[in-house]
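Only one structure is covered here, and it is reproduced in the block below.
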Amino acid sequence: MTSASLPVVQLRVPTEEDAYAWHRVFDDADVMEFHGGRSAEVSVYEEFTARQRRHDAERGFCLWTLLDEAGEVIGFTGAQPWPHESFGPVGEIEIGWRLARASWGRGYVTTAARITLDRLRAAGVPSVVAMVDCRNERSIAVTRRLGMEAAETFGVPGTERKAYCFRLEL
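Just so we're on the same page, the numbering used here is the position in the sequence shown counted from 1, plus 4.
Written as structure tokens, this is what we have:
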């Protein structure tokens, strides 16, 4: 996909209403395959979106709500501090994304992730990581399009799964 054919997207700080939108667009087994298999309860998304608003206020970046050309919520893309203390790239800034199934394969995540990288550079973030389930070929492809390089492999606690940690210096 050439840059001329990439879609127009908008990124906004998640609103309280976005908790319901995220719950709705992520309520799909394909979308949640690498995230527990099903959408979390609305209360989880309420806390999650509130945490992202705090990140944006404190750091100037977060996991932003991703809107398509028509202004419809189709997922999120952005960055946040790695949220786990027990494994993974503790203390690092993680870029991430999650997209509604109907929006896959259209370049939304790549476009939004590039905007995220520009915003992170402007905020003075020196580097980012992306943690990706080793079976998630679509997200691995996004990391490659962003110029990220595989750096480490982590076991996911409580599972037999492995996750790749990709890195990018900004």
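In this text, a Cβ means the ideal position worked out from N, Cα and C, and glycines have one as well.
Q: Run the CB neighbour count on residue 69, radius 10 Å, all protein chains shown included, and call it buried at 16 or more, exposed below.
A: buried
Q) In the DSSP assignment, what residue or residues form a beta bridge with residue 169? A) 135 and 156
**Q.** Limits of the beta strand (DSSP E) - the one that residue 81 falls within
**A.** 77-85
Q) Taking buried to mean at least 16 other C-beta atoms within 10 Å of its own C-beta, is residue 98 buried or exposed? A) buried
Q: Would you mind stating whether residue 112 and residue 137 have Cβ atoms separated by less than 8 Å?
A: no
(Q) Could you give the first and the last residue of the continuous beta strand (DSSP E) run that contains residue 174? (A) From DSSP, residue 174 is part of no beta strand (DSSP E); its letter is neither H nor E.
Q) Start and end of the beta strand (DSSP E) containing residue 103? A) 97-103
Q) For residue 26, which of helix, strand or coil comes out of DSSP? A) helix
Q: Please confirm if the segment 81-89 is in contact with the segment 23-37, defined as three or more CB-CB distances below 8 Å between the two stretches.
A: no
Q) Where do the ends of the alpha helix (DSSP H) carrying residue 42 lie? A) Segment: none, residue 42 is in no alpha helix (DSSP H) and carries neither H nor E.
Q: Kindly give me the distance between the Cβ atoms of residue 172 and residue 131, rounded to whole angstroms, as I take these residues to be in contact under 8 Å.
A: 6 Å
Q.
So, for residue 139: in the same chain, excluding its five sequence neighbours on each side, which residues have a beta-carbon less than 6 Å away from its beta-carbon?
A. none
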